[in-house]
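Only one structure is covered here, and it is reproduced in the block below.
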Amino acid sequence: MSTPLHTDICILGGGIAGLWLNARLRQLGFSTLLIESNALGGGQSSKSQGIIHGGTKYAL
153 MSTPLHTDIC
163 ILGGGIAGLW
173 LNARLRQLGF
183 STLLIESNAL
193 GGGQSSKSQG
203 IIHGGTKYAL
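For the sequence shown, the working numbering assigns the number 153 to the initial residue and increments by one for each residue that follows.
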């Protein structure tokens with residue numbers, strides 16, 4: 153039997169944008185669930201936004 157999981161927001165993808173969003177929402181008091189199939193920070197879906205740098209200098 154599975155146990156239900158309750159969260160405010162589910163984030164799909166643990167690239168720089170997903171990690172930043174997760175941190176920001178947690179700071180605001182939301183309960184979050186981050187789902188990533190590979191290593192955290194291993195990819196960037198924000199490339200289309202011109203954010204190629206992997207650091208926080210150009211954070212969203």
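Virtual Cβ for every residue (Gly too), placed ideally from N, Cα, C.
Just so we're clear, the structure is a prediction, and the values are computed from it rather than from any experiment.
Checklist entry - Terminal residues of the continuous beta strand (DSSP E) containing L192? => result On the sequence shown, position 40 is the one that residue 192 refers to. That residue, L192, is in no beta strand (DSSP E); it is neither H nor E in DSSP.
Checklist entry - Using DSSP with H/G/I as helix, E/B as strand and the rest coil, what is L171? => result Along the sequence shown, one-based indexing puts residue 171 at 19. Three-state result, L171: helix.
Checklist entry - What is the residue span of the beta strand (DSSP E) that L157 lies within? => result Position 5 of the sequence shown, counting from 1, holds the residue named residue 157. No beta strand (DSSP E) contains L157, which DSSP labels as neither H nor E.
Next on the checklist: According to DSSP, simplified to helix, strand and coil, what is L180?
Outcome noted: Taking the sequence shown and counting its residues from 1, one reaches residue 180 at position 28. Looking at L180 - three-state DSSP - the assignment turns out to be coil, as it is neither helix nor strand.
Checklist entry - Which value, in whole angstroms, describes the spacing of the CA atoms of R178 and L192? => result Taking the sequence shown and counting its residues from 1, the one referred to as residue 178 is at position 26. Taking the sequence shown and counting its residues from 1, the one referred to as residue 192 is at position 40. Rounded to the nearest angstrom, the two C-alpha atoms are 17 Å apart.
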